[in-house]
Amino acid sequence: MAAVETALKDIMSAIEGTIGVALVDYNSGMALGTIGGGSDLDLNVAAAGNTDVVRAKLRAMELLNLNEAIEDILISLSTQYHLIRPLTSRTGKGLFLYLALDRNRANLAMARHQLKKVEADLEV
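Per my numbering, the sequence shown runs over residues 42 to 165.
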């Protein structure tokens, strides 16, 4: 099992094209840990903003009576991919991983695969 800081570092180094990564509590909108980002991407602002995305999708699923779990949410921008992955473990309930990728350097399929692998080992 990997601790939060170790898991975020693993994501930064293992996933090609990573701009930044955060572990976020979608009940509060607070980032519990961040690595990367910078002047072009404030991960704390991204954490709060993407909390609204997760909440809206959960609300829509409830209204549609969809009794399923979100595997991930992808937002495609012209130069970036933003990937949101709600944690499914018992200890990760209410949390999601947020990953920002450089679209020109990233392999989206590999990024999703790696993120799933890190999530499985994450200890919160």
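Beta carbons: idealized from backbone N, C-alpha and C, even for Gly.
(request) Compare the beta carbon distance of residue 124 and residue 115 with 7 Å and say whether it is the shorter of the two. (result) Contact flag set, yes.
(request) Specify the secondary structure class of residue 54 as computed by DSSP and reduced to three states. (result) Of the three classes helix, strand and coil, the one that applies to residue 54 here is helix, per DSSP.
(message) For a test of the three-state rule: what should DSSP assign to residue 166, helix, strand or coil?
(response) In this structure the chain extends from 42 to 165, so residue 166 is not present and cannot be described.
(request) Evaluate residue 65 with the Cβ neighbour count: other Cβ atoms within 10 Å of its Cβ, from every protein chain shown; 16 or more gives buried, anything less gives exposed. (result) So residue 65 ends up on the buried side.
(request) Using the DSSP secondary-structure output, state which residues sit across from residue 123 in a beta bridge. (result) According to the DSSP secondary-structure assignment, residue 123 is paired through a beta bridge with 116, 141.
(message) Rounded to whole angstroms, what is the Cα-Cα separation between residue 146 and residue 120?
(response) Roughly 10 Å separates the two Cα atoms.
(request) State the DSSP-derived secondary structure class of residue 75, mapped to helix, strand or coil. (result) In the displayed model, residue 75 falls within a strand according to three-state DSSP.
(message) Using a 10 Å radius around the Cβ and a threshold of 16 neighbouring Cβ atoms, would you call residue 86 buried or exposed?
(response) Looking at its Cβ environment, which holds fewer than 16 other Cβ atoms inside 10 Å, residue 86 is exposed.
(request) Taking the CB atoms as reference points, tell me whether residue 161 and residue 82 lie closer together than 7 Å. (result) Contact flag unset, no.
(request) Compute the Euclidean distance between the alpha carbons of residue 111 and residue 100, then round it to the nearest angstrom. (result) Taking the straight line joining both Cα atoms gives about 12 Å.
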